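Chains A and B, in that order, are what the protein sequence lines are.
Going by full-length UniProt numbering, the first residue of the first sequence is number 1, and it counts up by one from there.
Going by full-length UniProt numbering, the first residue of the second sequence is number 1, and it counts up by one from there.
We treat Cβ as the ideally placed atom computed from N, Cα and C, and that holds for glycine.
The model shown is predicted, which means the values in this text are computed figures rather than measured ones.
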Amino acid sequence: MHWLKDTYNWLERRIQLEGPVKDAILHPVPKNTASWWYVFGSAAFTLLLLQVVTGILLAIVYVPSGAEAWSSLQILNHQLPLGWFLRAMHGWGSNFMVAVVLIHMAQVFFFGAYKFPRELTWILGVFMLLMTLGMAFTGQVLRFDQDSYWGLGIGASIASRVPLIGAPLVHIMLGGPIIAGATLTRFFALHVFVIPGMLLAFTGLHVWMVLKLGVNEWPMPGRPVNRKTYIKEYHDLAHNDGIPFVPGAFWKDLVFSGAILAAVAVCAAVFGPYGPTGQPDPTIIQTVPKPDFFFLWLYSVLSYLPANLETPFLLIAPVLGIAVLLALPFYAGEGEKSWHRRPVAVMVLALVAVSWGTLTHLATFTPWSPVMNAWSGATVPAKFVHNLSPTERQGAVVFQSKQCRNCHALGGEGGQRGPALDTVATRLTEDQLIRQVVQGGGNMPAYGTSLSPPEVTALVRFLTTLHPVGQPGATDASRADAETNSPPVKAQAH
Amino acid sequence: MNLRFFSATGFSALALAASLSFISGCDQAPGASRAEVVERPDQITDFKTLYTQNCAGCHGNDGRNGAALALSNPVYQAWVDDATLQRIISQGEPPTQMPAFAQSSGGMLTDAQVDALVKGMRTAWPANGAFNGLTPPASQPSGQSDAAQGQKTYQTACAQCHSKPNQQVTDPTYLALVNNRTLRTLIVTGRPDLGHPDWRGVVNGQVQPGYPLNDQQVGDIIAYLNSLRSDTPGQPYSPHSQQ
């Protein structure tokens, strides 16, 4: 073992890193920062490393050309041993990374860690978040399948709405007027060189500042940050009530990072790689492209926005959002760090988290868009087919053939654009059903001109059978009355 | 060899074995099978997929218990020929709700896919001597048919079941939505999933009165039903409520 020590000494005499590294790992941090709440930053870093390693391995096989990208992924998935696993690790790693970065950011916000003197650390962090999202988006493009094709199309159409420079911007982004091979090489360069290069540089600086400025102490109510006194207070805290960073706080980082890697591996093994879905061919119209996990919320927002608000929202909201994030440490650089004394911050965080969760959840089943093949693929449940008269059964066929099913579910299958109709007859009388079908309304098209009278009649007769066995359908009391006691008869009686 | 060394080698051997078994077992992990190739929609020729996406909505899962004809009925499969299947799937069957599926008629399926559907039906739903040696009425009408005679046949062969108010096949609204082909197919091949008999008229092992029907009788019944068609079918209110 002698030669090992000799080599080490030889190297150390020339590089002289021992001192700084020792300083870094042994520097004291406040004891209360050795908490499970402080592990997300290092986990994000671990995931970044995972992405770099798996990304390099993928780049060995991947061909960034319009003609071959899709098939090179098929080779990875099907011909190379564990190729699918590599893709799955990179794909799930990306999801985890976005999630962990967001959690890290929320935690930093929640703990007031962006305040003096860590403003710049936060600002770098905001850019690192944007780069992470940029990696997620460009990565999705490189998959170059249907989802990626349409995702890019939507990205391009967003860019094209920028006033004045919209068209040239799209041209630069796509490398031409349309999505083609040139587009892919651009995104490859972005995803593999440009953004990762910047991200790694920013990460280095970010970590450097964390080491230099110290890990944010556990926020205590009634101990506000003051620019004049903070540095000294922190120094005292770290030295009087501190522990060395390694191993005191570090072992939790290690454990958590290991757990995150294991979680990525489990997801990869169980759920497999992302796509590629169908080929990126715009002539294939039987497709329901969906953005990857992280952009789902945006997909929901855009679906719910009225058309005339889309452009302002797309162009103004991101700028505003980023500006707010960047301005935050300057606006609130001092004062209380503890969430006990920051009700507005807590509420903002809760609001953002809940809206984000809700929008993402909605986007997983897209109740706003019709299911375009339900009419021919979603069977009329057998219980609605039996015990019908021939006319009613024809009504069920009309219900399918006129594509009502694309917006209306029966037996849990079908679109959710309109209400499920399993029990519609308990809500609407025959006349109301006729009106709804003929005139539509409330986001339902009017079918008056596209259905023949027998089609309307059969359809409505079918709809009137849609009620639970023990519960009669809704009826119009006046109709029965009119049939038995019509006014002329009464007039004669007098 | 001290104990430390032993346990260290033991440990690394274990770790090596574990990772080897992980790597070899990994290609069988559930995730591996999720990486299936997604075919272009116009390249799909798997019968089950084609049928589930395009036909099950109306014709039911497995070709029965659907709102439209039970295609898996062996009697139907024995009776219908490939050319007819091909034509109806490609071009639809106006004025019924059966849509045209071939791209040449505005649909989404290629000719190869229509072929795959026809072939797939034959394999998935074999006819297996469904006629039991009997000869069914032809699939095309022949000769003159007589509506008055048809009414009589209807009374004996059909009315016993179809006079119930909610089983009216004589409803002009119903008749406006079907054509002679639909009626012939239904009368000859039946809908076993709904309890409507084929031309032999066997219900619960008993031949019903008036059965089996011959070619002439089927034509007559259709002529009778046609005579009930209305010029203004499908008016929403029953006539007596308008008086």
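| query | result |
| --- | --- |
| A/L152 (DSSP reduced to helix, strand or coil) | helix |
| Contact with chain A by B/N169, beta-carbon distance below 7 angstroms | Reading off the sequence, residue 169 of chain B comes out as Val, not Asn. At least one chain A Cβ lies under 7 angstroms of B/V169. |
| B/Q235 in three-state terms, based on DSSP | coil |
| Residues that B/R40 contacts on chain A, provided the C-beta gap is smaller than 8 angstroms | G278, Q279, D281, I284 |
| Beta-carbon gap between A/E334 and A/F116 smaller than 7 angstroms | yes |
| A/Y274 versus B/Q43: straight-line alpha-carbon distance, rounded | 22 angstroms |
| Residue-chain proximity (A/P367, chain B), Cβ-Cβ < 7 angstroms | no |
| Integer Cβ distance of A/F188 from A/L142, believed to fall under 8 angstroms | 6 angstroms |
| Contact between the region 204 to 216 of chain B and the region 126 to 146 of chain B (3+ Cβ pairs under 8 angstroms) | yes |
| Cβ-heavy atom distance, B/W125 to the ligand ZN, below 6 angstroms | As for the ligand ZN, it is missing from this structure, which has no ligand bound. |
| Test item: CB-CB of A/F109 and A/A268 under 7 angstroms | no |
| Euclidean distance between Cα positions of B/A102 and B/A112 | 10 angstroms |
| Minimum Cβ-Cβ distance from A/T54 to chain B less than 7 angstroms | no |
| Closer than 8 angstroms at the beta carbon, the chain A residues around B/C158 | Here the premise fails: no neighbours, minimum Cβ distance about 12 angstroms. |
| Listed by chain order, chain A residues near B/C58 by CB distance under 9 angstroms | W375, S376, T379, V380, A396, V397, Q400, S401 |
| A/M105 vs A/F202 beta-carbon contact at 7 angstroms | no |
| Touching by the beta-carbon criterion (3+ pairs, under 8 angstroms), the region 211 to 222 of chain A and the region 335 to 342 of chain A | yes |
| Own chain, CB closer than 8 angstroms to A/S389, minus 5 neighbours either side, in chain order | R461 |
| Near-chain B residues of the region 55 to 88 of chain A - C-beta to any C-beta below 8 angstroms | Q74, N77, H78, P81, L82, W84, F85, R87, A88 |
| Within-7 angstroms CB hit, B/N166 to chain E | No chain E is part of this structure, whose protein chains are labelled A and B. |
| For A/R186, three-class secondary structure by DSSP | helix |
| Where B/R64 falls, given that 16 or more other Cβ within 10 Å makes a residue buried | buried |
| Inter-residue Cα distance where the pair is A/L362 and A/E310 | 19 angstroms |
| Contacting positions in the region 83 to 105 of chain B - beta carbon closer than 7 angstroms to chain A | Q97, P99 |
| Inter-residue spacing [alpha-carbon to alpha-carbon] between A/V170 and A/G176 | 8 angstroms |
| Coil, strand or helix - A/I316 by DSSP | helix |
| Exposed unless 16 or more other CB atoms sit within 10 angstroms - verdict on A/N387 | exposed |
| Helix, strand or coil at A/A491 according to DSSP, with G and I counted as helix | Low per-residue confidence applies at A/A491: pLDDT is 48, beneath 50, and the placement is therefore not dependable enough to give any value. |
| CB of A/G280 within 7 angstroms of CB of A/Q146, strictly | The amino acid at residue 280 of chain A is misidentified as Gly; the sequence shows Pro. Contact: yes. |
| Rounded Cβ spacing between B/N73 and B/P192 (contact assumed at less than 8 angstroms) | 6 angstroms |
| Closer than 9 angstroms at the beta carbon, the chain A residues around B/Q53 | Q286, N373, S376, G377 |
| Local conformation of A/H104 per DSSP, three classes | helix |
| Distance CB(A/G242)-CB(A/P20) smaller than 7 angstroms | no |
| Distance, A/M444 Cα to A/V39 Cα | 50 angstroms |
| Contact set between A/S478 and chain B, taken where Cβ atoms lie within less than 7 angstroms | Within chain B, no residue comes near A/S478; the closest Cβ sits about 12 angstroms away, beyond 7 angstroms. |
| Inter-residue Cα distance where the pair is A/A378 and A/G278 | 22 angstroms |
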